[in-house]
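**Student:**
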Amino acid sequence: MVTNKKLGRKWVCVLLLATVVAWLAGCTPAGPRALLRGKRLIEKGEYADAVEQLKIATTLLSTNALAWNYLGLAYHHAGQPGHATEAYEHAMRLNHDLIVVHYNLGCLLLEENRPDTLDRARDELYAYVLHQGNSIEGWLKLGTAQLRLGEFSQAEASFKQVLRLNQQNPEAMNDLGVIQLQRHRNRDAAGYFDAALKIQPNYAPALLNLAVTEGYLNNPSASLQHYQDYLALNPRPANWQAVNAIAKQLEQQLAPPPPPVNIVANPPVTNQPHPATTPTNVSKPETVASISHPTAPPPAGRPPLPSYDESQTKPEVVKLPESPSIPVAGQTASNKPANPQPTE
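If you're matching positions, the sequence shown starts at 42 in the numbering used here and goes up one per residue.
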């Protein structure tokens, strides 16, 4: 009987505790509750619903910079860059030291990739790495903005900082190769692309960039092999058809010409007798006429330098889109945001 009483008391305590927890959860103020729901919806990828919850949160918590940052993040993922920019900027006006907002806004402006957004993207990302100097993603994004602005020395320094933090980063290796291409140092560029592929053999931007670079170095067989490796990737890259057309053209240029066709022309038959000195059992040698064939056409002109626009492939140069983030060429290059981080 004593044992039963003790068990009964324990169950009563458990039920009371559960009731108190439920009551406290129900009494959570509406603003923080909406903020928490919005954050969870972002994590689940339900961005439209997250926007609705976070609009409630920012209405009730109008001076909370973190709530505005999450609202910007929800708009960002939902493909509404204008609203996302407004929300991020409002968060910074409330708390300029909320460093993650600088990163998120910098990523958004980098994705828009317009002349009027790249300068500010670089500045926001620079502000972020000043406070988060060990952020590999921060340095990669800053280097990408600098590269697109033609600031090659600054971009090179940013990507080398990535390698100081992580020597096995194929994206930084690939982007350093892109910089060498822009400087017309093709052999150095090939070295960086090859190093990226040693780290990650199926890294699409480096495969495509190395294929292009081997063409610049007059190594058509190597170029074709890298194009074929790129085309064999699974899933297929977005620009598969265009690259396949280049590979087919290169195959035709490398194919050996067909052998000459020999045509035997029989001598004309005459009624004149053979000279007495010509044996009757030996025929006159036949005349051979050959038809010459044109050689294979010369290789086409070198392809243009790869573009490091993330909307194209990187030679983002290809940021494929991977990416990476939103997934990368070179950079590449999905329309999801490029790794904005909703950290607190």
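Note that CB positions come from ideal geometry on N, CA and C, so glycine has one too.
So the alpha helix (DSSP H) residue 221 belongs to, where does it begin and stop?
**Tutor:** Per DSSP, residue 221 belongs to the alpha helix (DSSP H) from 211-223.
**Student:** Quick check on this structure: which residue in 190, 265, 132, 168 has the alpha carbon closest to the alpha carbon of residue 156?
**Tutor:** Measuring from the Cα of residue 156, the nearest candidate turns out to be 190.
**Student:** Could you compute how far the alpha carbon of residue 129 sits from the alpha carbon of residue 105?
**Tutor:** Roughly 12 Å between the two C-alpha positions.
**Student:** So for residue 267, helix, strand or coil by DSSP?
**Tutor:** In the structure shown, residue 267 sits in a helix (DSSP, three-state: H, G or I).
**Student:** Assign residue 160 to buried or exposed, taking buried as 16 or more other Cβ atoms, counted over all protein chains shown, within 10 Å of its Cβ.
**Tutor:** So residue 160 counts as exposed.
**Student:** Using a Cβ distance threshold of 8 Å, determine whether the region 223-230 contacts the region 259-270, with at least three qualifying pairs required.
**Tutor:** With the cut-off at 8 Å, the region 223-230 and the region 259-270 do not touch.
**Student:** Go through its chain and collect everything with a Cβ distance to residue 217's Cβ below 6 Å, but skip five positions before and after it.
**Tutor:** Counting only Cβ-Cβ distances below 6 Å, and skipping sequence neighbours, we find 200, 233.
**Student:** May I ask you to report which of helix, strand or coil DSSP gives residue 333?
**Tutor:** Residue placement at residue 333 is flagged as unreliable, the pLDDT there being 32, under the threshold of 50; the coordinate-derived value follows with that caveat. Reduced to three states, the DSSP call for residue 333 is coil.
**Student:** Looking at the structure shown, is residue 273 part of a helix, part of a strand, or coil, going by DSSP?
**Tutor:** Residue 273 falls in the coil class under three-state DSSP.
**Student:** Kindly provide the ranges of any alpha helix (DSSP H) runs that are 4 or more residues long and lie completely inside the region 65-124, ordered along the chain.
**Tutor:** Counting whole runs of 4 or more residues, the region 65-124 contains the alpha helix (DSSP H) stretches 71-85, 88-101, 106-118.
**Student:** Would residue 83 and residue 118 be called neighbours here (beta carbons separated by less than 9 Å)?
**Tutor:** Yes, Cβ-Cβ distance for residue 83 and residue 118 is below 9 Å.
**Student:** Can you name the start and end residues of the alpha helix (DSSP H) that residue 153 belongs to?
**Tutor:** Start and end: 140-153.
**Student:** Identify which residue in 292, 246, 291, 299 has its Cα closest to the Cα of residue 274.
**Tutor:** Checked all of 292, 246, 291, 299; the closest Cα to residue 274 is 246.
**Student:** Taking the continuous alpha helix (DSSP H) assigned at residue 250, which residues delimit it?
**Tutor:** Looking at the DSSP string, the run of the alpha helix (DSSP H) that includes residue 250 is 245-257.
**Student:** In whole angstroms, give me the CA-to-CA distance for residue 142 and residue 194.
**Tutor:** Distance between the alpha carbons of residue 142 and residue 194: 27 Å.
**Student:** Using a 10 Å radius around the Cβ and a threshold of 16 neighbouring Cβ atoms, would you call residue 209 buried or exposed?
**Tutor:** Exposed, since its Cβ has fewer than 16 Cβ neighbours within 10 Å.
**Student:** What number of angstroms, rounded off, separates the C-alpha of residue 278 from the C-alpha of residue 92?
**Tutor:** If you take the alpha carbons of residue 278 and residue 92, they lie about 32 Å apart.
**Student:** Out of curiosity, what's the CA-to-CA distance linking residue 97 and residue 111?
**Tutor:** Answer to the nearest angstrom: the Cα atoms are 12 Å apart.
**Student:** Expressed to the nearest angstrom, what Euclidean distance is found between the alpha-carbon atoms of residue 115 and residue 226?
**Tutor:** Going from the Cα of residue 115 to the Cα of residue 226 covers about 42 Å.
**Student:** Excluding five sequence neighbours on each side, which residues of the same chain lie with their C-beta closer than 8 Å to the C-beta of residue 179?
**Tutor:** So the list reads 144, 166, 169, 170, 173, once near-sequence residues are dropped.
**Student:** Residue 176 by DSSP, collapsed to three states: which one?
**Tutor:** Of the three classes helix, strand and coil, the one that applies to residue 176 here is coil, per DSSP.
**Student:** Alpha carbon to alpha carbon, how far is residue 248 from residue 287?
**Tutor:** If you take the alpha carbons of residue 248 and residue 287, they lie about 14 Å apart.
**Student:** Considering only C-alpha positions, which residue in the set 102, 205, 140 is nearest to residue 164?
**Tutor:** Looking at the Cα atoms, 140 is the closest of the given residues.
**Student:** What residue range does the alpha helix (DSSP H) around residue 232 cover?
**Tutor:** It spans 227-240 - the alpha helix (DSSP H) in which residue 232 sits, taken as one unbroken run.
**Student:** Does the distance from the CB of residue 252 to the CB of residue 265 come in under 9 Å?
**Tutor:** Yes, the pair counts as a contact, with Cβ atoms nearer than the cut-off.
**Student:** Classify residue 358 as helix, strand or coil using the three-state DSSP reduction.
**Tutor:** Note that residue 358 has pLDDT 45, beneath the 50 cutoff, so the model's placement of it is unreliable and the number below is only indicative. Coil.
**Student:** Counting along the chain, where does the alpha helix (DSSP H) carrying residue 207 start and finish?
**Tutor:** That residue, residue 207, is in no alpha helix (DSSP H); it is neither H nor E in DSSP.
**Student:** Taking the alpha-carbon of residue 276 as reference, which of 294, 289, 244 has the nearest alpha-carbon?
**Tutor:** The residue with the shortest Cα to Cα distance from residue 276 is 244.
**Student:** Note down, in chain order, each residue of its chain lying with its Cβ closer than 7 Å to the Cβ of residue 207, except the 5 sequence neighbours on either side.
**Tutor:** Hits under 7 Å: 177.
**Student:** What does the alpha-carbon distance come out to for the pair residue 103 and residue 211?
**Tutor:** One C-alpha to the other measures close to 42 Å.
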